[in-house]
Amino acid sequence: MTAAAMPTGNDTMQYVVDSAGPAHAPAADMADLAEMIRTLMEVEARRDTRVRLGGNLFDVVVTSSGLQARSAAVFMDSVQGGCGPVIEDPDSGWFYWLVPPGSAAQWEPHRHAVCLGAPHTITLPSLDRRVPPGSYWFRPSASDRLVPTGPLREALARFRPEPTPHAALPFAVALQAVRELPRTTGVAPAAATS
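Everything in the sequence shown is counted per the working numbering, starting at 43 for the first residue and increasing by one.
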């Protein structure tokens, strides 16, 4: 039996360099990390911030923002000792309830709500925006909680916020997707109509 030669320092360093891959191709998780850091910097700077749903952050449940939805938020206050984060968009008439990531994949159809996750995005209002105009934090974001889907489903079934998002939301998502098409495709964004 012959003893294997011990690798030299140069051999070890070459192995590390070779296993790291091309310098110009960052690891996929590093690109995600970079995006998350940029997002956190935008939030810290108190600017509106566009984030991808799903992943490790959150999904959203979309409901109307009428009186029934406000009653559901009061109910969630009592269930949670303060409701998790909810964004109101008065222009569209929607509430966006921030729920745990992965909720969209497990969400059963609901008459009064739609749950969205990846590949959708949402624009979070500045953390200090608590009143309109524009989207604002109806229930401010707290670092220690999201809205739990079980009690939220119960609240929505109990208070039945109307109108339901089922008909309008697919159109709004499609319109936003068209607006975000790269200009190089030759497709111009559709004009918003009332």
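For every residue, glycine included, the Cβ atom is placed at its ideal position computed from N, Cα and C.
As the structure is a computational prediction, the values presented were derived from the model and not from experiment.
When C-beta atoms of the segment 126 to 135 are compared with those of the segment 79 to 97, fewer than three pairs fall below 8 Å, so the two segments do not count as touching.
The beta carbon of H162 sits closer than 6 Å to the beta carbons of L95 from its chain, once the five residues preceding and following it are set aside; these are given in chain order. Cβ-Cβ distances below 6 Å link D119 to C125 in the same chain, with the five nearest sequence neighbours on each side left out; the list follows chain order.
Secondary structure of E196 (DSSP, three-state): helix. For R181, the enclosing beta strand (DSSP E) covers residues 178 to 181. The beta-carbon distance between G192 and D101, rounded to whole angstroms, is 14 Å. This is too long to meet the 8 Å contact definition.
Rounded to whole angstroms, P203 and V141 show a C-alpha spacing of 18 Å. By the criterion of at least three beta-carbon pairs nearer than 8 Å, the segment 134 to 148 is in contact with the segment 107 to 122. Within the model, the alpha-carbon separation for R112 versus A146 is close to 22 Å. Your pair A114 and L198 checks out as a contact, with CB atoms roughly 6 Å apart and the cut at 8 Å. Inter-residue distance for P167 and Y178 is about 6 Å (C-alpha atoms, whole angstroms). Residue P174 holds the alpha-carbon nearest to the alpha-carbon of D131 among D90, P190, P174, V156.
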